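Read through the structure below, which is laid out as C-alpha cells, and then see the notes.
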Amino acid sequence: MEFFPGCMIHNRYPGIEKSIYYVFSVLGIEISPLEGSSCCPAPSITKSVSEEMWREIAERNLNLSDETIMTACNGCFTTLLEVGSEIGKDVRHFAEFLYRDVGIEEIRKKVSKKLNLRLAAHYGCHFFRPAEKKGVDSAERPKILDELIKAIGAESVNYRTKNMCCGGGGGVRAAATEVARELLEMKLEGLKEAEVDAIVVICPLCLFQFDTGQKELEKEGKVFGIPAIHYAQLLAIAMGMDVDEAGFEAHEIITQELYEKLLMGES
Amino acid sequence: MSLNSCIQCGTCIASCPSGRITALNTRRIIAEFISSGKKVEERDEIWFCVTCYACQERCPRGIEITDTLIEARRTLVRNKGLPGRLGYAFTFLMNHAALVPAREEHVELRRKLGLPIYHAQFDEKAKEEVRRIVEKHAGSVVRWSSSPAA
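Residue numbers (this note's numbering), protein chains in the order written: chain B, 927 to 1193; chain Y, 113 to 262.
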C-alpha cells in the first residue's frame, strides 16, 4: 500500500502523515510514501479550468503505483477514486478503510490510551457525495466517523450544524474568501453551543478552513477557540504515539486544555 | 438529466449552504435557463458554489446540478479569467506541481518529524512532467489570470 499525501498533508499538516504511519505500524499494515506524487489535483477547482488537465495529472499520479493508494484527504480521494475507477486503480480513504477493512473491534483492541473527550464529527462533503460515485457511507446519515470516534473512548456529540459544509471547498476560499469565512462562522455557531473539546475531520482542507479560518475570524473580534484535528492524529495518540509527534505546531488553534487531555488520556 | 427536466421543487436551493448568504440560486438559474435561455456560463455567482454536492445528491429528477455549474465555470474562465486568488493557485500548480506549495517552515516541520520530502514539488523530473500538463491545458489561462489586473 502506498500513501498519497497531496499538497495539504505533505506541505501543511505533516503530523497527519506521521500519525498514519504510526497507526499502520500498530495495525501491522505496510505503507510507504508515494514518491514523486504531485497535487492530486483538487477536483472542483481543477475541473473548473480543464477536465482534461484534471484527468491527466491524476493519471500521472495513479500510474506511479501498482499497489493500493491510500489517501487521508477528501479532495485527493475524489480525484484519485474517480479517475482510478476508469483505469483500474485501487484507491482508498483512510477513514473508510479503517471502518470497513480493519473494523471497529480491532481498532478498539489496539487503543492503549482511551481519550475521554467530547468531539464533533465533521465528515467533509466530498467524503460521501456524490454517493453514487463514492459508495462509502450514507449521504444523509453518515456514521463512519462517529463510530471511529467512539472506538477511541470519546463521545461523538450531536450539534446543530453537523451536516453543514466547512465552507472552504469548490475554490470559494480562494475566489471569494469572505463567503468562505461567513459560512465558517455559521458552522462554528452551531459547534459553540455543543461545547466540544475539538472538531474531528478526515480532510486536511476542512482542517485548514477550520483552523486558519478561525484565526482570520479572530482578527474581526470573533473568537471561537475550537481546535480542529484530523482523526489520524487522534487515533495515533490513542494508540500510544507521543502527542508531540502529531505536528500540532502547524495548527493555529490548539487549546492547553485539549493538549493536556490528549497527554493524560482517561483518568 | 437535462436542465429542462427540472420541476422547480426548490430542493436544490433549500440544500445549498452558499445560497443562504450569496446570490447563488440554483433553482432560479435553472428556471431562467428554461424560460429565457439564459446560459449558466453567463452567471458569475456560480463561483460562490462550494461544490458540496448536496443539491445534486437530493435532486428528485437526477439533474447533475453541481457538475453543470463546474462545467459552466470553464467557459467563464475562458471569457473572464479566474476570480480572486484562484489565479495564483494555478500559477503554483504550474510552477511547483502543487496548488498549495510548501515553504521552508513546512519542510522544516517534516524534517523535525522525521518524514521524507517526496512531493513532486521537490523532484525536478516529476515537477517538469506536471508543468508540461498544466502548460498544455491551461497555460494561457494561468498567464492571463496571474498577470496584474489592467
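Don't be surprised by glycine CBs; every beta carbon is placed ideally from N, CA and C.
Quick caveat, the model's predicted, so the values are computed rather than measured.
Let me know if residue 1090/B comes out buried or exposed under the rule of 16 or more other beta-carbons within 10 Å of its beta-carbon. Walking along the first sequence from the start, residue 1090/B turns up at place 164. Taking all protein chains shown into account, residue 1090/B has 16 or more neighbouring C-beta atoms within 10 Å of its C-beta and is therefore buried.
Express the C-alpha separation of residue 185/Y and residue 996/B in angstroms, rounding to a whole number. Mapped onto the first sequence, residue 996/B falls at position 70. Mapped onto the second sequence, residue 185/Y falls at position 73. For residue 996/B and residue 185/Y, the distance between alpha carbons rounds to 30 Å.
Short check: CB of residue 232/Y to CB of residue 209/Y, under 8 Å? Along the second sequence, read from residue 1 onward, the residue named residue 232/Y stands at position 120. Along the second sequence, read from residue 1 onward, the residue named residue 209/Y stands at position 97. Taking 8 Å as the cut-off, the Cβ atoms of residue 232/Y and residue 209/Y count as close.
Distance check for residue 979/B and residue 143/Y, CA to CA, integer angstroms please. Translated into positions along the second sequence, residue 143/Y becomes position 31. Translated into positions along the first sequence, residue 979/B becomes position 53. C-alpha separation (whole angstroms): 32 Å.
Quick check on residue 1000/B - is its C-beta less than 8 Å from some C-beta in chain Y? To locate residue 1000/B, count along the first sequence from 1; it is residue 74. Put simply, the CB of residue 1000/B is far from chain Y, with every gap to its CB atoms at 8 Å or more.
Which residue from 1046/B, 1053/B and 1059/B puts its Cα closest to that of residue 176/Y? On the second sequence, residue 176/Y is found 64 positions in, with the first residue counted as 1. Looking at the Cα atoms, 1059/B is the closest of the given residues.
I'd like to know whether the C-beta of residue 1177/B is nearer than 8 Å to at least one C-beta of chain Y. Within the first sequence, numbered from 1, the residue matching residue 1177/B stands at position 251. The C-beta of residue 1177/B comes no closer than 8 Å to any C-beta of chain Y.
Taking a contact to mean a Cβ-Cβ separation below 8 Å, would you say residue 1106/B touches residue 1139/B in this structure? Position 180 of the first sequence, counting from 1, holds the residue named residue 1106/B. Position 213 of the first sequence, counting from 1, holds the residue named residue 1139/B. Cβ distance < 8 Å, so residue 1106/B and residue 1139/B count as in contact.
By alpha-carbon positions, which one of 171/Y, 167/Y, 191/Y and 245/Y ends up nearest to residue 203/Y? Taking the first residue of the second sequence as 1, we reach residue 203/Y at position 91. If we check each option's Cα against that of residue 203/Y, 245/Y comes out closest.
Within chain B, the residues that residue 154/Y reaches when beta carbons sit closer than 7 Å: Along the second sequence, read from residue 1 onward, the residue named residue 154/Y stands at position 42. Ordered by position in chain B, no residue passes the 7 Å Cβ test against residue 154/Y, which lies about 16 Å from the chain.
Using a Cβ-Cβ cut-off of 8 Å, state whether residue 115/Y counts as contacting chain B. Against the second sequence, residue 115/Y aligns to sequence position 3. Chain B places no beta carbon closer than 8 Å to that of residue 115/Y, leaving this residue out of the contacts.
For the candidate residues 251/Y, 252/Y and 239/Y, whose alpha-carbon lies nearest to that of residue 961/B? The sequence position of residue 961/B within the first sequence is 35, counting from 1. For the residues 251/Y, 252/Y and 239/Y, the minimum Cα distance to residue 961/B belongs to 239/Y.
Classification of residue 1032/B by the beta-carbon crowding that lies within 10 angstroms, buried from 16 upward: Locating residue 1032/B in the first sequence gives position 106, where the first residue counts as 1. So residue 1032/B ends up on the exposed side.
Label residue 138/Y either buried or exposed according to how many other C-beta atoms from any shown protein chain fall within 10 Å of its C-beta, with 16 as the threshold for buried. Against the second sequence, residue 138/Y aligns to sequence position 26. Its Cβ being crowded by 16 or more others within 10 Å, residue 138/Y is buried.
Residue 969/B: buried (16+ other C-beta within 10 angstroms of its C-beta) or exposed? As a working note, residue 969/B is residue 43 in the first sequence. Residue 969/B should be labelled buried.
Note down, in chain order, all residues in the stretch 971-988 of chain B with a beta-carbon under 9 Å from any beta-carbon belonging to chain Y. Those residues of the stretch 971-988 of chain B that come within reach of chain Y (Cβ to Cβ, closer than 9 Å) are 971, 972, 973, 974, 975, 976, 977, 978, 979, 980, 982, 983, 986 and 987.
What do you reckon, are the CB atoms on residue 1157/B and residue 1126/B nearer than 8 Å? Taking the first sequence and counting its residues from 1, the one referred to as residue 1157/B is at position 231. Taking the first sequence and counting its residues from 1, the one referred to as residue 1126/B is at position 200. Going by C-beta atoms, residue 1157/B is nearer than 8 Å to residue 1126/B.
Quick one: which residues of the stretch 170-196 of chain Y get their C-beta closer than 7 Å to a C-beta of chain B? List them in chain order. Taking 7 Å as the Cβ-Cβ cut-off against chain B, the residues of the stretch 170-196 of chain Y that qualify are 182, 185, 186, 189, 195 and 196.
Element boundaries [beta strand (DSSP E), containing residue 995/B]: Within the first sequence, the letter at position 69 stands for residue 995/B. Counting along the chain, the beta strand (DSSP E) containing residue 995/B begins and ends at 995-997.
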